[in-house]
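**Q**
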Amino acid sequence: MTTAVDASAIVAILLDEPEKQAFIERILADKCEISPVGYWEAAVRVRRLHGEEGMKRLDRLILELDIRIAPAVAETAQLATDAEHSYGKRTPARLNLGDCFAYALAKERNLPLLYKGGDFIHTDIEPALKA
148 MTTAVDASAI VAILLDEPEK QAFIERILAD KCEISPVGYW EAAVRVRRLH
198 GEEGMKRLDR LILELDIRIA PAVAETAQLA TDAEHSYGKR TPARLNLGDC
248 FAYALAKERN LPLLYKGGDF IHTDIEPALK A
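Take the sequence shown: its position 1, counting from 1, is numbered 148 in my numbering, and each next residue is one higher.
1) Okay, do the segment 160 to 168 and the segment 218 to 232 touch, 3+ Cβ pairs below 8 Å being the bar?
2) If you drop the 5 nearest sequence neighbours on each side, which residues of the same chain put their C-beta closer than 8 Å to that of Tyr250?
3) Going by DSSP in three states, Ile171 sits in which element: helix, strand or coil?
4) Quick check on this structure: which residue in Leu208, Leu196, Val193, Arg256 has the alpha carbon closest to the alpha carbon of Val220?
5) For a quick check, are the C-beta atoms of Ser182 and Leu252 less than 7 Å apart?
6) Quick check on this structure: which residue in Ala217, Gly264, Glu180 has the alpha carbon closest to the alpha carbon of Ala240?
7) Check Gly165 in the structure and name its three-state DSSP category.
8) Below 8 Å on the Cβ atoms is my guess for Thr150 versus Arg173; work out the distance and round it to an integer in Å.
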């Protein structure tokens with residue numbers, strides 16, 4: 148099975164948040180993919196918090212957990228655009244750019260999505276971890 152991973156899950160692991168172990172276990176149990184925009188979003192966040200050392204930790208984590216950075220194609224961009232229209236900042240989901248691309252990756256490939264927070268519960272995406 149393959150799981151799509153949102154930047155929020157990666158950042159939660161890197162920041163040792165309470166969900167860290169559950170996220171790692173799910174990632175290790177499946178093949179996992181993150182969108183290029185999701186990787187960028189995680190990178191911006193960890194670089195802001197921890198500088199270049201944060202970037203090294205992010206890249207090491209991606210490598211060690213064997214998370215593939217999925218290619219973004221025209222269909223991905225269209226699905227992300229549709230996600231923003233349906234679930235963007237003016238809706239209860241309040242998805243940002245990175246969220247929209249995580250949504251698009253999951254939707255395009257019919258994958259569950261591993262994420263932290265309450266934004267995706269307002270969408271039609273299947274969560275990788277049930278609450």
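For glycine and all other residues, C-beta sits at the position ideal for the given N, C-alpha and C. Keep in mind the model is a prediction, meaning the values are calculated, not measured.
**A** The structure says:
1) no
2) Leu226, Ala227, Ala230, Tyr234, Leu242, Leu260, Phe267, Thr270, Ile272
3) helix
4) The residue with the shortest Cα to Cα distance from Val220 is Arg256.
5) Their beta carbons are under 7 Å apart, which means Ser182 touches Leu252 by this criterion.
6) Gly264
7) Note that residue 165 corresponds to Pro in the displayed sequence, not to Gly. Assignment of Pro165 by DSSP, reduced to helix, strand and coil, places it in the coil class.
8) 7 Å
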